[in-house]
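For reference, the structure discussed in these notes is given below.
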Amino acid sequence: MRSIESEGDTIDQAIENALRALNVTRDQVEIEILTGATRGLLGFGGKKARVRATVRAPLLSGLRGLENEAADMDSRETLLPVEHDEPAHRQVQDTRAEPPPEAASHAAAPSAAFQLRCKDTLEAILSRLGVSCGVQVGPGADPGSVLLAVSADSGGLLIGRRGQTLDALEYIVNRIVGREDAVSGRVMIDVERYRERRLEHLTQLARRLAEKAKQTGRPVTLNPMSARDRRVVHVTLQGDTTISTRSQGEGHYRKVIILPADRMRRPPRP
Numbered sequence: 149m150r151s152i153e154s155e156g157d158t159i160d161q162a163i164e165n166a167l168r169a170l171n172v173t174r175d176q177v178e179i180e181i182l183t184g185a186t187r188g189l190l191g192f193g194g195k196k197a198r199v200r201a202t203v204r205a206p207l208l209s210g211l212r213g214l215e216n217e218a219a220d221m222d223s224r225e226t227l228l229p230v231e232h233d234e235p236a237h238r239q240v241q242d243t244r245a246e247p248p249p250e251a252a253s254h255a256a257a258p259s260a261a262f263q264l265r266c267k268d269t270l271e272a273i274l275s276r277l278g279v280s281c282g283v284q285v286g287p288g289a290d291p292g293s294v295l296l297a298v299s300a301d302s303g304g305l306l307i308g309r310r311g312q313t314l315d316a317l318e319y320i321v322n323r324i325v326g327r328e329d330a331v332s333g334r335v336m337i338d339v340e341r342y343r344e345r346r347l348e349h350l351t352q353l354a355r356r357l358a359e360k361a362k363q364t365g366r367p368v369t370l371n372p373m374s375a376r377d378r379r380v381v382h383v384t385l386q387g388d389t390t391i392s393t394r395s396q397g398e399g400h401y402r403k404v405i406i407l408p409a410d411r412m413r414r415p416p417r418p
């Protein structure tokens, strides 16, 4: 990795000098402040600020871009089916429409060519990021979908905080292959079985907090979640008539609330 030390009258100026010398932008480097600027007596003997700028590896720089992509996914078009808010006294239903038998049968078998195109697209992106990995491709859980299972030493970086980087990577792959083939199903990406483990965790969490809501008779509010994770909670609890679920909040602060059914029947306080 390229690295350079640079000076300036201020720390900001030292950073700017380093960026110009490396011919990079601020988000492509790691900055280490070595010394701050000091003033000398009567303007003499002062020292300049000194910093060390190190160019990030392609993986870290690229993943920063993916995380920025994920930062506003909830407020844009998304390929994930998300829940629609319902009145608090109603149970949120699964938004996936049941396809006709002919359509389901057709969608259940993504073509080998489409699967290969999805795999090639993901491998090309990861290669640009400098990621060495293995990608296995096969049919996904949903009709017509494709699952790309990634094995990589840098799996944690590809997943990101609460799966944000993985969500953004999946979104980008879907946009690319969707432009070429709008008929085929959705592409799902998993890294080191993260999706599987996350689904199991959210399912158990939803059921445990639903029991808490029943026992206490009070609503239980979960931490803010992505649209994908909120939907897992809604779908997990949709068959339980003793509770209801709804979403509340905006953007990254949107969260699921689990309400006991008897609370919905209580008359309002005078």
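Under this note's numbering, think of the first position of the sequence shown as 149, with each following residue one higher.
Glycine included, each C-beta is placed from N, C-alpha and C at the ideal position.
Q. A162: which of A201, Q352, Q176, K267 sits nearest, CA to CA?
A. Position 14 of the sequence shown, counted from the first residue, corresponds to residue 162. For A162, the nearest C-alpha among the options comes from A201.
Q. How about L314: is its Cβ closer than 7 Å to a heavy atom in the ligand NAD?
A. This structure lacks the ligand NAD; in fact it carries no ligand of any kind.
Q: Determine the direct distance from the alpha carbon of L182 to that of P229, and round the result to whole angstroms.
A: Looking up residue 229 in the sequence shown gives position 81. Looking up residue 182 in the sequence shown gives position 34. Because P229 sits at a pLDDT of 39, beneath the cut-off of 50, its placement in the model cannot be relied upon, and the following sentence gives the value as read from the coordinates. Whole-angstrom Cα-Cα distance: 49 Å.
Q) So, L295 versus G286, is the Cβ gap smaller than 8 Å? A) Translated into positions along the sequence shown, residue 295 becomes position 147. Translated into positions along the sequence shown, residue 286 becomes position 138. Yes, Cβ-Cβ distance for L295 and G286 is below 8 Å.
Q: Give the straight-line distance between the Cα atoms of E178 and R310, rounded to the nearest whole angstrom.
A: Position 30 of the sequence shown, counted from the start, is the residue given in the question as residue 178. Position 162 of the sequence shown, counted from the start, is the residue given in the question as residue 310. One alpha carbon belongs to E178, the other to R310, and they sit about 23 Å apart.
Q | From S293, S151, S302, residue whose alpha carbon lies closest to that of G282 | A | If you number the sequence shown from 1, residue 282 lands on position 134. Ranking S293, S151, S302 by Cα distance to G282 puts S302 first.
**Q.** E318 classed as buried or exposed, judged by whether at least 16 other C-beta atoms fall within 10 angstroms
**A.** The residue given as residue 318 occupies position 170 in the sequence shown. Using a 10 angstroms sphere on the CB of E318, the tally of other CB atoms reaches 16 or more, which defines it as buried.
Q) Can you tell me whether DSSP reads V381 as helix, strand or coil? A) Numbered from its first residue, the sequence shown carries residue 381 at position 233. Looking at V381 - three-state DSSP - the assignment turns out to be helix.
Q. To which residues does DSSP link E348 through a beta bridge?
A. By one-based count along the sequence shown, residue 348 stands at place 200. Beta-bridge pairing links E348 to no other residue.
**Q.** E155 in three-state terms, based on DSSP
**A.** On the sequence shown, residue 155 is found 7 positions in, with the first residue counted as 1. Correct three-state label for E155: strand.
**Q.** V321 vs C266 beta-carbon contact at 8 Å
**A.** As a working note, residue 321 is residue 173 in the sequence shown. As a working note, residue 266 is residue 118 in the sequence shown. Note that the C-beta distance between V321 and C266 is below 8 Å.
Q. Of the choices V203, M373, V335, A316, whose alpha-carbon is the least far from that of D268?
A. Within the sequence shown, the letter at position 120 stands for residue 268. Among V203, M373, V335, A316, the Cα nearest to that of D268 belongs to V335.
Q: Label T313 either buried or exposed according to how many other C-beta atoms from any shown protein chain fall within 10 Å of its C-beta, with 16 as the threshold for buried.
A: In the sequence shown, the residue the question calls residue 313 occupies position 165. Around the beta carbon of T313, 16 or more other beta carbons sit within 10 angstroms, so the residue counts as buried.
Q: Could you pull out every residue in the same chain whose Cβ sits closer than 6 Å to the Cβ of A354, ignoring the five residues on either side in sequence?
A: Position 206 of the sequence shown, counted from the start, is the residue given in the question as residue 354. Only residues of its own chain outside the window of five on either side were considered, and among them V381, T384, L385 have a CB closer than 6 Å to the CB of A354, listed in chain order.
Q: Could you check what DSSP says for P249 in three-state terms: helix, strand or coil?
A: Taking the sequence shown and counting its residues from 1, the one referred to as residue 249 is at position 101. Interpretation of P249 is limited by its pLDDT of 43, a score under 50 that renders its predicted location unreliable; the figure taken from the coordinates is listed afterwards. Three-state DSSP puts P249 in a helix.
Q) Any idea what DSSP makes of S110, helix, strand or coil? A) Nothing in the structure corresponds to residue 110, since the chain is present only between 149 and 418.
Q) Using a Cβ-Cβ cut-off of 7 Å (strictly less than) and excluding sequence neighbours within five positions of S299, which residues of its own chain qualify? A) As a first step, residue 299 is located in the sequence shown; it is residue number 151 there, counting from the start. Contacts found: C281, G282, E340.
Q. Per DSSP, what kind of secondary structure is Q284 in: helix, strand or coil?
A. As a position in the sequence shown, residue 284 is number 136, starting the count at 1. Residue state, collapsed to three classes: strand.
Q. Between V368, R187, L270, which lies nearest to A316 when the distance is taken from Cα to Cα?
A. Here residue 316 corresponds to residue number 168 of the sequence shown, with the count starting at 1. Considering only alpha carbons, the answer is L270.
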